[in-house]
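Student: Below you'll find the structure I mean.
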Amino acid sequence: MTFYKQSEYYDYMFDVRKRREATISSYMLEISYFMSWINSNYPDTDYMQISRVMILEYIESEKLNGKEIGTIDKKISILKSYFDFLWHNNLLAGSDPASKIKRSKREDRGSDSDALNDVDQKILNEWLRTKPVTKVQKAARDRALTAMCLYGGLTAREFQYLRLSHIETISDRMVVTIEGLERKREVIIYLGDAKPILEYLSTRQEDEPNFYLFPSSKGSPLSQRVIQLIFQKLSRDIGVHVYPRILRNTYAMNKFKEGFTREDVSALLGIDQWKPPE
11 MTFYKQSEYY DYMFDVRKRR EATISSYMLE ISYFMSWINS NYPDTDYMQI SRVMILEYIE
71 SEKLNGKEIG TIDKKISILK SYFDFLWHNN LLAGSDPASK IKRSKREDRG SDSDALNDVD
131 QKILNEWLRT KPVTKVQKAA RDRALTAMCL YGGLTAREFQ YLRLSHIETI SDRMVVTIEG
191 LERKREVIIY LGDAKPILEY LSTRQEDEPN FYLFPSSKGS PLSQRVIQLI FQKLSRDIGV
251 HVYPRILRNT YAMNKFKEGF TREDVSALLG IDQWKPPE
């Protein structure tokens with residue numbers, strides 16, 4: 011599925027809405043990105059079949075990828091604009107799927123730097139380190155995912171594409187190699203914290219090094235939709251909000267409290283600039 015009525019939407023934004031070129035470009039880019047997500051997660055879906063649930067799943071997947079609240083609200087505004095355009099031009103089969111999707115209320119927005127408090131960290135650490143591991147591989151996988159985010163600061167997008175060959179154990183630490191589009195970095199997780207990951211790896215000993223670390227049943231990377239469902243279930247089971255963005259923020263704050271500088275934490279996270287919450 012392509013960007014439906016792309017040129018018409020461009021003309022509408024320019025001639026009717028009087029938007030600047032830069033603004034229109036950002037809108038077009040976001041809608042193209044959304045359509046790409048639909049193609050990946052709902053490959054047989056026509057644009058007229060896009061539902062409110064699908065849009066909400068996309069928004070949740072972007073939250074999992076660490077997008078800030080302001081960015082999420084902008085994405086919602088763009089999608090509302092696009093589907094409103096289609097609806098008013100009688101280009102949708104039914105109602106506007108984005109019309110009832112709400113942006114974050116100011117009092118509910120929280121902070122982009124939300125992190126676990128000491129009590130929640132204690133609960134989560136206890137769950138990771140003392141809860142008996144079941145023989146169900148998915149249970150071991152979910153614990154490993156959580157440990158990757160809490161003790162390594164990985165984003166959902168980063169662990170999604172890890173392969174077994176990206177994990178190496180050296181002396182007292184595990185080295186996780188992140189091969190991003192713009193930069194490559196090594197994440198150190200000490201073995202005491204890496205226990206859930208090691209337990210999961212023990213279930214993958216027969217697999218080839220080039221296999222994905224966290225594969226779907228078909229061997230492909232876990233989809234953002236599945237990752238979202240995994241962390242929703244974990245949050246309910248543990249009683250703590252264990253979403254990748256929050257766990258990554260918790261990792262960053264813990265490093266800062268340990269004495270790492272802002273520059274150090276930025277390097278650990280693989281970003282240009284990090285600043286602690288005020």
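Going by this note's numbering, the letters in the sequence shown line up with residues 11 to 288, in that order. We put the CB at the ideal spot given by N, CA and C, even for glycine.
Any chance you could list the beta strand (DSSP E) runs of at least 3 consecutive residues sitting entirely within the region 130 to 202, in chain order?
Tutor: List check, beta strand (DSSP E) in window: 177 to 180, 183 to 189, 194 to 200.
Student: Report yes if the CB atom of Tyr-210 is closer than 8 Å to the CB atom of Arg-173, and no otherwise.
Tutor: No, Cβ-Cβ distance for Tyr-210 and Arg-173 is not below 8 Å.
Student: For a quick check, are the C-beta atoms of Asp-124 and Asn-259 less than 8 Å apart?
Tutor: Result yes, Cβ atoms of Asp-124 and Asn-259 sit closer than 8 Å.
Student: Where does the unbroken alpha helix (DSSP H) through Phe-241 begin, and where does it stop?
Tutor: Element bounds for Phe-241: 234 to 248.
Student: Our contact map puts Pro-231 next to Gln-147 with C-beta atoms below 8 Å; I'd like the distance itself, whole angstroms only.
Tutor: Between Gln-147 and Pro-231 the Cβ distance is about 16 Å, and since that is not below 8 Å, they are no contact.
Student: Look at Ala-108 and Ile-65 and say whether their C-beta atoms are less than 8 Å apart.
Tutor: Going by C-beta atoms, Ala-108 is nearer than 8 Å to Ile-65.
Student: Quick check: Ala-166 and Ile-207, are their CB atoms within less than 8 Å of each other?
Tutor: Cβ atoms of Ala-166 and Ile-207: not closer than 8 Å.
Student: Check this for me: beta carbons of Gln-215 and Glu-70, under 8 Å apart or not?
Tutor: Not a contact, by the Cβ cut-off of 8 Å.
Student: Closest by CA to Gln-248, which one among Ser-212, Asp-21, Val-236, Ala-149?
Tutor: A quick correction: the sequence has Ile, not Gln, at residue 248. Closest by alpha carbon: Ala-149.
Student: Going by DSSP, what residues sit across from Pro-231 in a beta bridge?
Tutor: Bridge partners of Pro-231: Pro-225.
Student: By Cβ distance, which residues of its chain are closer than 8 Å to Gly-76, with the 5 residues on each side in sequence left out?
Tutor: Correct list, in chain order: Thr-165, Ala-166, Arg-167, Pro-254, Arg-255, Arg-258.
Student: Residue range of the alpha helix (DSSP H) that Ser-114 falls in?
Tutor: From DSSP, Ser-114 is part of no alpha helix (DSSP H); its letter is neither H nor E.
Student: Assuming Met-38 and Tyr-20 make a contact with CB atoms under 8 Å, what is their CB distance in whole Å?
Tutor: Going by Cβ atoms, the distance from Met-38 to Tyr-20 rounds to 7 Å, so yes, they are a contact pair.
Student: Give the C-beta separation of Ser-36 and Ile-79 to the nearest angstrom, bearing in mind that I take them to be a contact with Cβ-Cβ under 8 Å.
Tutor: In fact, because the Cβ distance is near 17 Å, the residues do not count as touching under 8 Å.
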